[in-house]
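Mapping of the sequence shown onto the working numbering: position 48 corresponds to residue 161, and the numbering continues sequentially without gaps.
Note that beta-carbon positions come from the ideal geometry of N, C-alpha and C, so glycine has one too.
Predicted, not measured: the structure shown is a model, and the values here were computed from it.
First the structure, in the form of structure tokens, and then the observations on it.
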Amino acid sequence: MTGTAVQSGTAVEFRGIRRSFGATHALDGLDLQLKPGELLALLGPSGCGKTTALRLLAGFDSPTAGEILIGGKDVTGVPAAKRDTGMVFQAYSLFPTMTAAENVAFGLRMRKVGAAERARRAAELLELVGLGARGAAYPHQLSGGQQQRVALARALAVQPSVLLLDEPLSALDARVRVQLRDEIRRVQLAEGITTLFVTHDQSEALAVADRVAVLNAGRLEQVDVPQIVYAHPATPFVAEFVGVMNTVPVADGRITPGAAEQAQIRPEALRIGAQEGISGTVLTSTFLGAVTRLVVTTEVGELTVDAVSHPNLPGIGDTTTVGVAA
Numbered sequence: 114m115t116g117t118a119v120q121s122g123t124a125v126e127f128r129g130i131r132r133s134f135g136a137t138h139a140l141d142g143l144d145l146q147l148k149p150g151e152l153l154a155l156l157g158p159s160g161c162g163k164t165t166a167l168r169l170l171a172g173f174d175s176p177t178a179g180e181i182l183i184g185g186k187d188v189t190g191v192p193a194a195k196r197d198t199g200m201v202f203q204a205y206s207l208f209p210t211m212t213a214a215e216n217v218a219f220g221l222r223m224r225k226v227g228a229a230e231r232a233r234r235a236a237e238l239l240e241l242v243g244l245g246a247r248g249a250a251y252p253h254q255l256s257g258g259q260q261q262r263v264a265l266a267r268a269l270a271v272q273p274s275v276l277l278l279d280e281p282l283s284a285l286d287a288r289v290r291v292q293l294r295d296e297i298r299r300v301q302l303a304e305g306i307t308t309l310f311v312t313h314d315q316s317e318a319l320a321v322a323d324r325v326a327v328l329n330a331g332r333l334e335q336v337d338v339p340q341i342v343y344a345h346p347a348t349p350f351v352a353e354f355v356g357v358m359n360t361v362p363v364a365d366g367r368i369t370p371g372a373a374e375q376a377q378i379r380p381e382a383l384r385i386g387a388q389e390g391i392s393g394t395v396l397t398s399t400f401l402g403a404v405t406r407l408v409v410t411t412e413v414g415e416l417t418v419d420a421v422s423h424p425n426l427p428g429i430g431d432t433t434t435v436g437v438a439a
């Protein structure tokens, strides 16, 4: 989902952040800036340090070395309760004995905001996340996606400078996940709030973020807009982790068995039935709507090809050729 964030948010900066647990370095010199009002997705495999970075920004943990700045102010030693951040967890963490509206208003109540203003703000935010009619419902009366919407509204209620999202969609089914992903982006743009979105799902990161930061073993591999991260990965790790990538021997722009040069090629950049291609047998065929993903076993290994869906595409067990698209 594309869009331009309102540039009214707060800048965030990680400066030389290290976090060690004994001999293990969860973060090893992280330098990362979030621009005011942008949604930055922190992407990487399990154990890469992304949740550690989020916890450090929230104030739930302290770095071994380095500084964290929010709005230009060093908050490295500031307690979590005084950091002006709002957090949405993977688990919804709603209070089961409170209604949706009461859950949303909880942070405001803790800040001694008056009852009338609490009710107004809760109603406003529930409307914003599409639950205007469910304010009186209790968590057990809401679906998982609805509960996560309430959690998002609750995080926004206190008008934090920075919104932190910790794998907020991973507990939801695929259809609801896409719907809520787009909803989070819509709300984030409407509020103009600087947001750090932690995920291990590369399709989620590419779809929702202004920029994507890819972490690997505690180190930052690349930070850029989604289109650049996908089309021009800065490292072999990014190339393999973001999307699907074929690594093939090439010579003169063609797949050539035994060639010394290796190229990394996306599935959509390969072509089925190419005249100057390498022959192989279709191992699997997955219909994805507009495209069909074919895995073809060849003498240079298995190649993944995304072809425009067509009734005449080769099927499983058929012999075909695979070449580099012009």
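The beta carbons of residue 263 and residue 213 sit closer together than 8 Å.
DSSP places residue 216 inside the alpha helix (DSSP H), whose first and last residues are 213-223. Distance from the CA of residue 419 to the CA of residue 353, rounded to the nearest whole angstrom, comes to 16 Å. Looking at the DSSP output, residue 312 shares a beta bridge with 156.
Per the Cβ contact rule, the stretch 274-284 is in contact with the stretch 166-175 (3 or more Cβ pairs under 8 Å).
By the criterion of a C-beta distance shorter than 7 Å, residue 395 is surrounded in its chain by 407, 409, 427, 428, 429, 430, 431, 433, once the five residues flanking it on both sides are discounted. Nearest in C-alpha terms to residue 208, of all of 238, 179, 324, 261, is 261. Short of 7 Å from the beta carbon of residue 343, and not among the five residues preceding or following it, lie these beta carbons of its own chain, in chain order: 319, 355, 356. In the structure shown, residue 429 falls within a coil segment according to DSSP collapsed to helix, strand and coil.
Annotation for residue 375: the continuous beta strand (DSSP E) segment containing it runs 374-378. Going by beta carbons, residue 327 and residue 156 fall inside the 8 Å limit. Leaving aside the five residues that flank residue 273 on each side, the residues in its chain whose CB is nearer than 8 Å to its CB run, in chain order, 197, 198, 199, 306. Secondary structure note for residue 168: its alpha helix (DSSP H) is the uninterrupted segment 163-171.
The straight-line gap separating the alpha-carbon atoms of residue 423 and residue 218 is approximately 53 Å. Counting only runs of at least 3 residues, the stretch 306-371 fully encloses the following beta strand (DSSP E) elements, listed from N- to C-terminal order: 307-312, 324-329, 332-337, 359-364.
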